[in-house]
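There are 2 protein chains.
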Amino acid sequence: MRYDKLINGYKFGSFSCVTKNNKKLKLGLIYLESFGRCIPSFTTNLLKSNSIIVSQKHLKKTNRIKCILTNSGCANTACGKDGIKITEEICEVLASKLNVRKEEILVASTGVIGVPLPKKDIINYLPQLISSLSDSKNSVVKFAKSILTTDTEPKIVYRSFDSKNILCIAKGAGMIAPQLNLYKPHATMLVFLLTDLSLEKNLMEEIMNNVVIPSFNSFSIDGDTSPNDTIFFVSLDEKPVKLTRAEIKKLYNVIKNVCDETIRKLLFDGEGVTKVVKIVITNCPKKYAEVIAKTVSNSLLVKTAFHGADPNWGRILAAIGRSGIKFDINKVDIYIGRYCVVKNGTSNFVDDAVVRKVMLKNFFEIKINMNLTKAKEFIFYTTDLSKKYVDINSKYKT
Amino acid sequence: MRYDKLINGYKFGSFSCVTKNNKKLKLGLIYLESFGRCIPSFTTNLLKSNSIIVSQKHLKKTNRIKCILTNSGCANTACGKDGIKITEEICEVLASKLNVRKEEILVASTGVIGVPLPKKDIINYLPQLISSLSDSKNSVVKFAKSILTTDTEPKIVYRSFDSKNILCIAKGAGMIAPQLNLYKPHATMLVFLLTDLSLEKNLMEEIMNNVVIPSFNSFSIDGDTSPNDTIFFVSLDEKPVKLTRAEIKKLYNVIKNVCDETIRKLLFDGEGVTKVVKIVITNCPKKYAEVIAKTVSNSLLVKTAFHGADPNWGRILAAIGRSGIKFDINKVDIYIGRYCVVKNGTSNFVDDAVVRKVMLKNFFEIKINMNLTKAKEFIFYTTDLSKKYVDINSKYKT
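Taken in sequence, the protein lines are chains A and B. Following this note's numbering from start to finish, the first sequence increments by one per residue and tops out at 411. Following this note's numbering from start to finish, the second sequence increments by one per residue and tops out at 411.
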């Protein structure tokens, strides 16, 4: 493969300009030289972007795709009753220009809710977008930049798998608390997980269910699940390769690694984020662990204590206590880093200054041992809450 | 009644100092000249202050009380296995000094979780606290100040009821999302609702269940339900007055009015609060309305948009959509002030500048019409999220 190429069979386009109405327009295009096989995952928010509704409609007809059109700045959500029609019309024009069926086109949008897609502008600039298509690494970077909103840097993760390649391009900095289901909607995280392997549909669904979705559902920046969250997992639509058990295991690991690295990038580039915290819940049934982890993760008092490196573990214990799960709080142990700050539901009287040192780092771990039952660890990632987050999100129609 | 007296039969004491270990100690005492009848309500957080555990124990033995001892600066929660014993020992000393049974003493604490009560200091200063008891208005103000933590001003609401009086003293600025049950725990809001009427226990319970608890459960500052929330509703323990139906109705109204005014004071003095927002959910079954109202109220994106007077209603609609309730989002209408910004789940294309004017006020209303079924309006109050909130709560062990 050429030194400046990351993946075979894909081209990447992007285009940005300021329109006549003084609005910023940013378009992106992922194009398959032949065709791709796509397994999607969308937000579970009842409010759904028209881009998701149209993509779902198209995917119902065929899993074979030619391209993915993206825009940032406008969520294409709740923007009037013509929203779906406008989205379809744009797909039709793009389809005719690429000489494919409109069902072979997927769309993904991110930005402000309530603003309609600028149909005329998008259609006008499609030729320029198409002519920008290229398979160079530079075009991948430009595409990754075209989907950003409040993110400060493009998120690209690449791994090789034998002679083949796995490339993940993502965006998302706020309204991040993914709740994804296979074939069901989830939002403002956009993830394009691409490979030049040709994988069987069943295997792709398995990987999506067992690796990709659990990974992307395991972190939260602000607890606000967006109506636009989308993952498109795409492989080449050729005769599927036969993989041995060992190869499948290896593929799982590589993709898990790609997802984890992508999430790390999303977390550290979260709106106003200065710290990422790993929450580990042990000895607790998964369904409870999930509720407890999310209650702790989304607590304003916990997040602000993280921000100030304040070893105020009482806020963590109080969040566990109000989570709605019934259990014996006198069994709970809490560790901050390697220090056990709560033993049997009460203070272990560890020196605050020592614990504070752990919390001054930009990444640390909180372990909550519920001592309920033997169970697999449940891991969830969260961030601190800073004044910058408030600044970014209190601005007039960000 | 003397011009400087608010209520008969009660005395109020307070004492504050800096202890030898350089810690601030603030004590308060509500003392009944004869005896009081008390109906309590506590936090539903599984984590409970030792003050609540001890008060619950005492109230199990008798509803007749002599006094309520308060402290601020230390929550008396999760502070070691001797916490309950220490609390009881303090009650015992106070009981002997007042020549009453320790079961006739209630306690309430607010402050940092994990710090044990400074037993020796408290016991040392009890004589000074007792000698400060007085029935003057000035002593009420001093007591109200003694229970404050991050609050900036004392909260006292007074109403007359015929020749009798109702006095409410409260504190609470953060960790405020009351979830109270009758006789069950709820936290860091402390409310002392006192009357010099003598009411029947049954009527007091009815008022608590129908007026006081629903009122105090209908607002949130940060979604963090504290392990210390306490309401003590106290009337004089004399022969109960016989009230006519009309008088009872009037009493309900006066108490509702006292609660609403107290909540208004708590909201506007919330940590870093610059705006209070009334959320009204219409045409929606109560159990759904509650979940929707709380999801909207606690959304970081909604709260920061409130702060910036940003008419970004998409965040409200997205919060409704991720609340977990199943319904048809295409039926939802949203009003900001009198402007219908969302009609049938999509933009009503109202000029942002007009809506922004409503949101620039320090109090405004959001109405969410779910159009599901005829039902009573559900009302919930929330606040904005400011940089000052982050500032206050990221400080080292606030």
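Here a beta-carbon is modelled for each residue, glycine too, at the ideal position from N, C-alpha and C.
Not a single C-beta of chain A is nearer than 8 Å to the C-beta of ARG15 (chain B). Following the DSSP letters along the chain, one finds VAL267 (chain A) inside the alpha helix (DSSP H) bounded by residues 258-281. Annotation for SER29 (chain A): LYS39 place their beta carbon closer than 6 Å to its own, counting only its chain and skipping 5 residues before and after. Using a Cβ distance threshold of 8 Å, LYS288 (chain B) and ASN375 (chain B) count as a contacting pair.
In the DSSP assignment, TYR16 (chain A) falls outside any alpha helix (DSSP H) and carries neither an H nor an E. Looking at A:LEU19, A:CYS104, A:VAL128 and A:ALA121, the one whose alpha-carbon comes closest to that of ASP364 (chain B) is A:VAL128.
With a cut-off of 8 Å on Cβ pairs, the stretch 30-37 of chain B is not in contact with the stretch 210-218 of chain B, counting fewer than three such pairs.
Scanning the stretch 139-185 of chain A for uninterrupted alpha helix (DSSP H) segments of 4 residues or longer gives 150-159, listed from N- to C-terminal end. Under the Cβ criterion (8 Å, minimum of three pairs), the stretch 42-55 of chain B counts as touching the stretch 66-80 of chain B. As DSSP reads the structure, LEU42 (chain B) sits in a beta bridge with B:GLY26 and B:LEU82. Under the 8 Å criterion on CB atoms, VAL368 (chain B) is classed as non-interfacial with respect to chain A. Annotated three-state conformation of ASN361 (chain B) is coil, per DSSP. Three or more beta-carbon pairs drawn from the stretch 355-370 of chain A and the stretch 336-344 of chain A are found closer than 8 Å, and the two stretches are therefore classed as touching. Within the DSSP secondary-structure output, ILE244 (chain B) pairs in a beta bridge with B:SER54 and B:VAL204.
Contact fails between the stretch 277-286 of chain B and the stretch 76-90 of chain B, because fewer than three Cβ pairs, one in each stretch, are under 8 Å apart. Taking every protein chain shown into account, the CB of ARG50 (chain A) has 16 or more other CB atoms within 10 angstroms, so this residue is buried. Here the stretch 113-133 of chain A makes contact with the stretch 230-247 of chain A; the two share three or more CB pairs at distances below 8 Å. Excluding residues up to 5 positions away in sequence, LYS79 lie with their Cβ nearer than 6 Å to the Cβ of VAL113 (chain B) in the same chain. In the DSSP assignment, THR238 (chain B) falls outside any alpha helix (DSSP H) and carries neither an H nor an E. If you draw a straight line from the Cα of GLY93 (chain B) to the Cα of LEU330 (chain A), it comes to about 14 Å. Between the stretch 250-261 of chain A and the stretch 295-307 of chain A there are fewer than three C-beta pairs closer than 8 Å, too few to call the two in contact. Taking CB atoms only, CYS353 (chain A) has no neighbour in chain B less than 8 Å away. Within its own chain, the residues whose Cβ lies closer than 8 Å to the Cβ of CYS353 (chain A), once the five positions on either side in sequence are excluded, are ASP346, ILE347, ASN361 and VAL363, listed in chain order. Look at GLU117 (chain A) here: in three-state DSSP terms it is helix. By the beta-carbon neighbour count (other beta carbons within 10 angstroms, threshold 16), ALA366 (chain B) is exposed. The stretch 222-229 of chain B makes no contact with the stretch 42-49 of chain B: fewer than 3 CB pairs, one atom from each, lie closer than 8 Å. Between ASP404 (chain A) and PHE319 (chain A), the beta carbon gap of about 18 Å keeps them out of contact (Cβ cut-off 8 Å). Around the beta carbon of GLY321 (chain A), a 10 Å sphere encloses 16 or more other beta carbons of the protein chains shown; the residue is thus reported as buried. As DSSP reads the structure, THR123 (chain B) sits in a beta bridge with B:SER85 and B:CYS87. Under the three-state reduction of DSSP output, ASN112 (chain A) falls in the coil class, being neither helix nor strand. In summary, ALA259 (chain B) is exposed, with fewer than 16 beta-carbon neighbours lying within 10 Å of its beta-carbon over all protein chains present. The beta carbons of VAL309 (chain B) and ALA332 (chain B) sit closer together than 8 Å. 8 Å or more divides the Cβ of LYS150 (chain B) from the Cβ of ASP273 (chain B). Of the candidates A:LEU313, A:MET202 and A:ILE136, A:LEU313 places its Cα closest to the Cα of SER399 (chain A). Within a 10 Å sphere around the beta-carbon of ASN35 (chain B) sit fewer than 16 other beta-carbons, which makes this residue exposed. Straight-line spacing of the CA atoms in VAL153 (chain A) and PHE377 (chain A) works out to 32 Å.
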